[in-house]
Amino acid sequence: MKIRLLAVGSKMPGWVEEGVETYRKRLPRDFNLEIEEITLGQRGKNADIAKARAQEAQRIRDKLRGDEYVVALEVKGKPWTTEQLAQEADVWRMGGRDIALLVGGPDGLEPSLSAAADKTWSISPLTLPHPLVRIMLAEQLYRAWTLLVGHPYHR
Numbered sequence: 001m002k003i004r005l006l007a008v009g010s011k012m013p014g015w016v017e018e019g020v021e022t023y024r025k026r027l028p029r030d031f032n033l034e035i036e037e038i039t040l041g042q043r044g045k046n047a048d049i050a051k052a053r054a055q056e057a058q059r060i061r062d063k064l065r066g067d068e069y070v071v072a073l074e075v076k077g078k079p080w081t082t083e084q085l086a087q088e089a090d091v092w093r094m095g096g097r098d099i100a101l102l103v104g105g106p107d108g109l110e111p112s113l114s115a116a117a118d119k120t121w122s123i124s125p126l127t128l129p130h131p132l133v134r135i136m137l138a139e140q141l142y143r144a145w146t147l148l149v150g151h152p153y154h155r
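So for the sequence shown, UniProt numbering puts the first residue at 1; every next one is plus one.
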């Protein structure tokens with residue numbers, strides 16, 4: 001199973017790349033995490049935010065593969081404990097489909113994109129900076145995998 005994080009935003013600082021890589025390299029090949037950066041929609045002074053989100057949504061749609069299980073990360077999504085994430089990941093693995101996790105830009109995902117997702121998930125009710133979301137997500141996926149295989153990382 002491949003897990004692709006389609007995240008709006010690019011050119012993350014080195015500490016983000018290093019943090020994500022710390023957990024990516026620990027995951028086995030059958031629980032692989034890939035990150036694909038999506039270019040921000042046009043923003044600036046007096047920008048049309050709806051148009052920017054629509055541009056981002058189209059770029060995400062262009063990257064989606066038809067057979068993926070899509071999970072939109074949304075503040076209003078369902079919160080999961082680490083144990084619930086592990087259960088979800090086990091269902092994903094048994095389903096035989098690759099996973100696409102979607103993270104929107106500074107103004108979130110376009111509503112139609114979230115509505116079309118198979119699930120919505122909130123990793124926190126807090127507003128988090130996108131660089132931290134990438135690291136937290138990588139760590140939590142690693143932690144979920146350790147729970148599934150009985151590794152002592154999660155205690």
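Every residue, glycine too, gets a C-beta built ideally from N, C-alpha and C.
Which runs of the beta strand (DSSP E) spanning at least 3 residues fall entirely within the segment 70-150, listed in chain order?
Counting whole runs of 3 or more residues, the segment 70-150 contains the beta strand (DSSP E) stretches 99-103, 119-122.
Give the C-beta separation of Val-71 and Ile-99 to the nearest angstrom, bearing in mind that I take them to be a contact with Cβ-Cβ under 8 Å.
That pair is a contact at about 7 Å.
Taking 8 Å as the threshold (C-beta atoms), are Gly-105 and Leu-5 in contact?
No, they are not a contact pair.
Go through its chain and collect everything with a Cβ distance to Pro-28's Cβ below 8 Å, but skip five positions before and after it.
So the list reads Trp-145, once near-sequence residues are dropped.
Between which two residues does the beta strand (DSSP E) carrying Glu-36 extend?
Element bounds for Glu-36: 32-38.
Checking the sheet assignment: what are the DSSP bridge partners for Arg-4?
Answer is Glu-34, Ala-100.
Just tell me which of Gln-42, Ile-123, Ala-115, Gly-66 has its CA closest to the CA of Thr-81.
Comparing Cα positions, the closest option is Ile-123.
If you draw a straight line from the C-alpha of Val-133 to the C-alpha of Gly-77, how long is it?
In a straight line, the C-alpha of Val-133 is about 15 Å away from that of Gly-77.
Figure out for me which residue from Asp-90, Arg-143, Trp-92, Pro-131 has the closest Cα to the Cα of Val-103.
Of Asp-90, Arg-143, Trp-92, Pro-131, the residue nearest in Cα terms is Pro-131.
Considering only residues of the same chain and omitting the five flanking positions on each side of Glu-139, which have a CB-CB separation below 6 Å?
Hits under 6 Å: Tyr-23.
Below 8 Å on the Cβ atoms is my guess for Arg-97 versus Tyr-142; work out the distance and round it to an integer in Å.
No, Arg-97 and Tyr-142 are not in contact; Cβ-Cβ is about 20 Å, not under 8 Å.
What does the Cβ neighbour count give for Ala-86, buried or exposed, with the cut at 16 atoms within 10 Å?
It counts as buried.
Assuming Ala-57 contacts Asp-107 (C-beta within less than 8 Å), just tell me the rounded distance between them.
Not really, about 11 Å apart at Cβ, beyond 8 Å.
My assumption, with CB atoms under 8 Å, is that Ala-54 sits in contact with Glu-17. Please give the rounded CB distance.
Actually they are not in contact, since the Cβ atoms of Ala-54 and Glu-17 sit about 29 Å apart, beyond 8 Å.
According to the Cβ coordinates, are Leu-148 and Ala-89 closer than 8 Å?
Yes. Within cutoff.
How far does the alpha helix (DSSP H) with Asp-62 in it reach, from first residue to last?
Residues 49-63.
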